[in-house]
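If you read the protein sequences in the order shown, they are chains A and B.
Take the first sequence: its letter number 285 is residue 389 in the working numbering, and every next letter is one higher.
Take the second sequence: its letter number 82 is residue 85 in the working numbering, and every next letter is one higher.
Glycine included, every Cβ here is placed at the ideal spot set by N, Cα and C.
Here the structure is a predicted model, which is why all the values come from computation and not from measurement.
For reference, the structure is listed below as structure tokens.
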Amino acid sequence: MSTFEPTLLARINKPDSQSLETYRRDGGYEGFKKALGMAPVDVINQVKDSGLRGRGGAGFPTGLKWTFLPKDHPGPIYLAINADESEPATFNNRILMEQDPHQVLEGIAISCYAIKSKKAYIYLRYEYGRSYRALKKAIEECYAAGLFGQNIHGTGFDLDVVLHRGAAAYICGEETGLIESLEGKRAWPRIKPPFPAIEGLFRKPTIVNNIETMACVKQILDRGADWFKSMGVPPDPSNPRDAGSYGPKLYCISGHVNKPGCVELPMGITARQLIDEHGGGVWKGRNAKAVVPGGISMGFLSASELDTPLDFNGPGKVGCLGLGTAAITVIDDHTSMVDVLFNCARFFAHESCGQCTPCREGTAWMHKILARIRMGEGQSRDLDLLNEVASSMGIIPGTTICGLSDGAAWPIKNAIKKFRSEFEEYIQTGRKTVKPSDALMEVH
Amino acid sequence: MGVLSEELRDQIRAQFPNYPNKRAVVLPALHLVQDAQRHVSIEAVREIAELLELHPSEVHDTMTFYQFFKDEKHKLGKHRVWVCRSISCMLRGGEELLQHMCEKLHVHPGQTSADGKVTMEFAECLGACDGAPCILVDDEAHMNITPEKADELLKSL
Ligand SMILES: Cc1cc2nc3c(=O)[nH]c(=O)nc-3n(C[C@H](O)[C@H](O)[C@H](O)COP(=O)(O)O)c2cc1C
Ligand code: SF4
Ligand code: FES
Chain A
105 MSTFEPTLLA RINKPDSQSL ETYRRDGGYE GFKKALGMAP VDVINQVKDS GLRGRGGAGF
165 PTGLKWTFLP KDHPGPIYLA INADESEPAT FNNRILMEQD PHQVLEGIAI SCYAIKSKKA
225 YIYLRYEYGR SYRALKKAIE ECYAAGLFGQ NIHGTGFDLD VVLHRGAAAY ICGEETGLIE
285 SLEGKRAWPR IKPPFPAIEG LFRKPTIVNN IETMACVKQI LDRGADWFKS MGVPPDPSNP
345 RDAGSYGPKL YCISGHVNKP GCVELPMGIT ARQLIDEHGG GVWKGRNAKA VVPGGISMGF
405 LSASELDTPL DFNGPGKVGC LGLGTAAITV IDDHTSMVDV LFNCARFFAH ESCGQCTPCR
465 EGTAWMHKIL ARIRMGEGQS RDLDLLNEVA SSMGIIPGTT ICGLSDGAAW PIKNAIKKFR
525 SEFEEYIQTG RKTVKPSDAL MEVH
Chain B
4 MGVLSEELRD QIRAQFPNYP NKRAVVLPAL HLVQDAQRHV SIEAVREIAE LLELHPSEVH
64 DTMTFYQFFK DEKHKLGKHR VWVCRSISCM LRGGEELLQH MCEKLHVHPG QTSADGKVTM
124 EFAECLGACD GAPCILVDDE AHMNITPEKA DELLKSL
């Protein structure tokens, strides 16, 4: 690992890394220039050949998604960039936008050219004020330098990039919730199909991609598809649906480690390596009891599963929902899984958009049941009840419109399966946890 | 002349060219109004609707979906301070921090300090988990916050 050279994070923490001047000095916008000299379809093919899969959580192959756009559409076609980054434990998009906004913008410009879009919207979560200011300044620099606007470099290609701020709601990260929100409505996800590539923003063909995906596109144009494919993990022959996990990935490390942070590594590193080699080990000399593999929606790895490779295929093999955002949260062996699961359930109850009954009611009930277990009023059969509620909600059982509910169900199902004895003991020994802050948050 | 100044109206109108229709300007308009007036009154909702050629209920529907926007009964103080309560912060003392700050200001989340300076709130993951526990002051994240640092921050507002 020591020989790995970061590319996505190469410019992070360098002096004045946000400015167009330093970005250009480092070879910035050469990839965009290269793309402008190519046919759009060749740009798409290069991204396809790289094996790049979306970094926003679902891992859909990026080049393939782009080919779903209708052929010879008169336009407009939109690129909607998902910068809502709200999955708990995830912060890699923030680091890219705050510290190297031009890398992201160059990826956006290349992608727009490839999909023949003249307009990109960046849907940015409101809380990222620093990202907002960095991107705003960088966009202004691009217009002033003729990189955005009309007839860029005399090629006849026009591009506008608009920054749009959200309003603190997790569901705006779901791609059709994002689209509804951008249209000025409540962020109620849409029933799919139609998928956004056919009918998306303002009812026009739309590609939704994540910020890190955009940074990867820029690097692929610079360094080639083979470079991207030289890193990571090839498809698992035992899983016909695995499209491989190539390229570098930004892994976030938080929770009970000595050195929380974001590191760039070839895909396929294990949770244990992240903790020990990059996170400074578990804090206070303790051991990890559980690790969230990619945002809380993905469930939990138990202590015996820490050697699971964090590629698109690995976490699923040990019962997690998937790789998600590749953001790990380390939970030490002094922490109660009851507290952890209560925290997860409270999050989803707060963030469900309320549109589908199984999700609205299910997340509320799971939160209530866990609150009562935590307060010492639980019964053993509550665990089966939790499982039953969790199993009845989501896209997987087919009862809801979006994946928030699958993500709400997964930590519950995983925790009860992997840590059942801890929950049973907690209930049977009559333990109670009441924090003074609980009451404060009830009032809200 | 309503509750929206001509300047605010101009700022809202300046957003029109960014979008193919005016409805998409609802969120930008709500942000502009709340930033300036520390809440969005029902009269402001009506005036936004008129500018955007919408029914007031459409603006109101969007506004109330995002608990971020506050009506006249829940006016914000000069600053808004959010304490993260999600997993990575909870594991490193985020909830205790929330309690400490609320006690310091004698408020519950959602309430504003008596001097009108700070509205305290809890937040879900602020995307700054590398600096847990963290807080957001207006839209700037502050990381690795101890009770002492929190006190200093509050004093500086
Ligand atoms: C509840 C929910 C929340 C999501 N939040 C985000 C998010 O904050 N950022 C993101 O990029 N994708 C998020 N996604 C995934 C998006 O729906 C979408 O797959 C992604 O933005 C596509 O970009 P990509 O292909 O580049 O990954 C979320 C999905 C769900 C179901
Ligand atoms: S699954 Fe939940 S969050 Fe998704 S649309 Fe339905 S109610 Fe909303
Ligand atoms: S959990 Fe607090 S910032 Fe992410």
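Candidates A:Pro370, A:Ile283, A:Val312 and A:Asn149, of which the one nearest Pro338 of chain A by Cα: In the first sequence, the residue the question calls residue 338 of chain A occupies position 234. Nearest C-alpha to Pro338 of chain A: A:Pro370.
Cutoff 7 Å: Ile90 of chain B Cβ touching any chain A Cβ: Here residue 90 of chain B refers to the residue found at position 87 of the second sequence. With 7 Å as the cut-off, Ile90 of chain B counts as an interface residue toward chain A.
In DSSP terms, what Leu410 of chain A is bridged to: On the first sequence, position 306 is the one that residue 410 of chain A refers to. Beta-bridge annotation (DSSP): Leu410 of chain A is not paired with any residue.
DSSP-derived helix/strand/coil call for Trp292 of chain A: Residue 292 of chain A sits at position 188 when you count from the first residue of the first sequence. Here Trp292 of chain A sits in coil by DSSP.
is_contact[Leu490 of chain A, chain B] using C-beta, thresh 7 Å: As a working note, residue 490 of chain A is residue 386 in the first sequence. No, Leu490 of chain A lies away from the interface with chain B (no Cβ there is under 7 Å from its Cβ).
Under 8 Å (Cβ pairs) to chain B, residues found in the stretch 215–245 of chain A: So the close ones are Arg229, Tyr230, Glu231, Tyr232, Gly233, Arg234 and Tyr236.
Same chain, Cβ closer than 6 Å to Gln207 of chain A, five either side skipped, listed in chain order: For the purposes of this step, residue 207 of chain A is identified with residue 103 of the first sequence, where counting begins at 1. Once the five neighbours on either side are set aside, the close Cβ partners of Gln207 of chain A are Ala319 and Lys322.
Backbone CA spacing between Arg159 of chain A and Gln14 of chain B [nearest angstrom]: If you number the first sequence from 1, residue 159 of chain A lands on position 55. If you number the second sequence from 1, residue 14 of chain B lands on position 11. Cα-Cα distance, rounded: 35 Å.
Contacts around Lys25 of chain B, its chain only, beta-carbon distance under 6 Å, and the 5 residues preceding and following it disregarded: On the second sequence, position 22 is the one that residue 25 of chain B refers to. Apart from the 5 residues on each side of it in sequence, Lys25 of chain B sits with its Cβ closer than 6 Å to the Cβ of Leu55 and Glu56 in its chain, given in chain order.
Host alpha helix (DSSP H) of Val208 of chain A (start-end): As a position in the first sequence, residue 208 of chain A is number 104, starting the count at 1. Segment Pro205 to Ile219, the alpha helix (DSSP H) holding Val208 of chain A.
As assigned by DSSP and simplified to three states, the class of Val547 of chain A: For the purposes of this step, residue 547 of chain A is identified with residue 443 of the first sequence, where counting begins at 1. Since pLDDT at Val547 of chain A reaches only 43, below the 50 mark, its modelled position is unreliable, and the value read off the structure follows with that caveat. Residue state, collapsed to three classes: coil.
Beta-carbon spacing of Val386 of chain A, Asp443 of chain A below 7 Å: Locating residue 386 of chain A in the first sequence gives position 282, where the first residue counts as 1. Locating residue 443 of chain A in the first sequence gives position 339, where the first residue counts as 1. No, the Cβ-Cβ distance between Val386 of chain A and Asp443 of chain A is not below 7 Å.
Bridge-paired residues (DSSP) for Ile516 of chain A: Position 412 of the first sequence holds residue 516 of chain A. DSSP lists no partner for Ile516 of chain A.
7 Å Cβ cut-off: residues of chain A touching Leu129 of chain B: Counted from its first residue, the second sequence places residue 129 of chain B at position 126. By Cβ distance, chain A contributes Glu231.
Range of the contiguous beta strand (DSSP E) that encloses Leu94 of chain B: Taking the second sequence and counting its residues from 1, one reaches residue 94 of chain B at position 91. Note, Leu94 of chain B: premise wrong, no beta strand (DSSP E); not H, not E.
Beta carbon proximity, Thr461 of chain A to chain B, threshold 7 Å: For the purposes of this step, residue 461 of chain A is taken as residue 357 along the first sequence, with counting starting at 1. It does not: the Cβ of Thr461 of chain A has no partner Cβ on chain B nearer than 7 Å.
is_contact[Met105 of chain A, chain B] using C-beta, thresh 7 Å: Locating residue 105 of chain A in the first sequence gives position 1, counting from the first residue. Because Met105 of chain A carries a pLDDT of 46, less than 50, the predicted location of this residue cannot be relied on, and the following value inherits that uncertainty. Taking Cβ atoms only, chain B never reaches closer than 7 Å to Met105 of chain A, which makes this a no.
Local Cβ density within 10 Å of Phe172 of chain A, reported as buried at 16 or more and exposed below that: One-based indexing of the first sequence puts residue 172 of chain A at position 68. With a threshold of 16 other beta carbon atoms within 10 Å, Phe172 of chain A falls short and is exposed.
Residues of the stretch 406–435 of chain A whose Cβ lies closer than 9 Å to any Cβ of chain B, in chain order: Result list: Ala431, Thr433, Val434 and Ile435.
Neighbour flag for Asn447 of chain A against chain B, beta carbons, 7 Å: Your numbering for residue 447 of chain A matches position 343 in the first sequence. Residue contact with chain B for Asn447 of chain A: present (Cβ-Cβ distance below 7 Å to some residue of chain B).
Ser525 of chain A, buried or exposed, once every other Cβ within 10 Å from all chains shown has been counted against 16: Taking the first sequence and counting its residues from 1, the one referred to as residue 525 of chain A is at position 421. When all chains shown are included, Ser525 of chain A counts as exposed.
Any non-hydrogen atom of ligand 1 closer than 6 Å to Asn314 of chain A Cβ: Position 210 of the first sequence holds residue 314 of chain A. Taking the Cβ of Asn314 of chain A as the reference point, at least one heavy atom of ligand 1 falls within a distance shorter than 6 Å.
Chain A within 7 Å of Arg16 of chain B, Cβ atoms only: Within the second sequence, the letter at position 13 stands for residue 16 of chain B. Not a single C-beta of chain A is nearer than 7 Å to the C-beta of Arg16 of chain B.
Residue closest to Leu139 of chain B, alpha-carbon to alpha-carbon, out of A:Val266, A:Arg234 and A:Glu245: Within the second sequence, the letter at position 136 stands for residue 139 of chain B. Shortest Cα-Cα distance from Leu139 of chain B to any of A:Val266, A:Arg234 and A:Glu245 involves A:Arg234.
Within-7 Å CB hit, Glu189 of chain A to chain B: The residue given as residue 189 of chain A occupies position 85 in the first sequence. Interface residue, yes.
Straight-line Cα distance separating Arg269 of chain A from Leu35 of chain B: Taking the second sequence and counting its residues from 1, the one referred to as residue 35 of chain B is at position 32. Taking the first sequence and counting its residues from 1, the one referred to as residue 269 of chain A is at position 165. If you draw a straight line from the Cα of Leu35 of chain B to the Cα of Arg269 of chain A, it comes to about 11 Å.
Runs of beta strand (DSSP E) wholly within the stretch 156–188 of chain A (minimum 3 residues, chain order): Look at the stretch 156–188 of chain A and you find these whole runs of beta strand (DSSP E), each 3 residues long or longer: 182–187.
Buried versus exposed call for Glu191 of chain A [16 or more other C-beta atoms within 10 Å across all chains shown]: Working through the first sequence from its first residue, we reach residue 191 of chain A at position 87. Classification of Glu191 of chain A: buried, given that the 10 Å Cβ count is 16 or more.
Candidates B:Glu75, B:Ser8, B:Glu127 and B:Glu46, of which the one nearest Gly97 of chain B by Cα: Looking up residue 97 of chain B in the second sequence gives position 94. From the listed residues B:Glu75, B:Ser8, B:Glu127 and B:Glu46, the smallest Cα separation to Gly97 of chain B is found for B:Glu127.
Cβ neighbour criterion (16 or more within 10 Å) applied to Glu278 of chain A: If you number the first sequence from 1, residue 278 of chain A lands on position 174. The residue in question, Glu278 of chain A, is buried, as its Cβ has 16 or more Cβ neighbours within 10 Å.
Range of the contiguous alpha helix (DSSP H) that encloses Val62 of chain B: Here residue 62 of chain B refers to the residue found at position 59 of the second sequence. Counting along the chain, the alpha helix (DSSP H) containing Val62 of chain B begins and ends at Pro59 to Phe68.
Closer than 6 Å: Pro293 of chain A CB and nearest ligand 2 heavy atom: The residue labelled residue 293 of chain A in the question sits at position 189 within the first sequence. Correct: Pro293 of chain A has its Cβ closer than 6 Å to ligand 2.
Delimiting residues of the beta strand (DSSP E) encompassing Tyr274 of chain A: Reading the first sequence from its first residue, position 170 is the one you call residue 274 of chain A. Premise fails: Tyr274 of chain A is in no beta strand (DSSP E) and is neither H nor E.
Reduced DSSP secondary structure (H/G/I, E/B, other) of Ser525 of chain A: By 1-based counting over the first sequence, the position of residue 525 of chain A is 421. It is helical.
Contact with chain B by His548 of chain A, beta-carbon distance below 7 Å: Counting from 1 along the first sequence, the entry for residue 548 of chain A is found at position 444. Annotation note: pLDDT 36 at His548 of chain A (below 50); position unreliable, no value reported.
Where Val538 of chain A meets chain B, residues with beta-carbon distance less than 9 Å: The count along the first sequence starts at 1 and reaches residue 538 of chain A at position 434. The contacting residues do not exist; Val538 of chain A stays about 12 Å from chain B at best.
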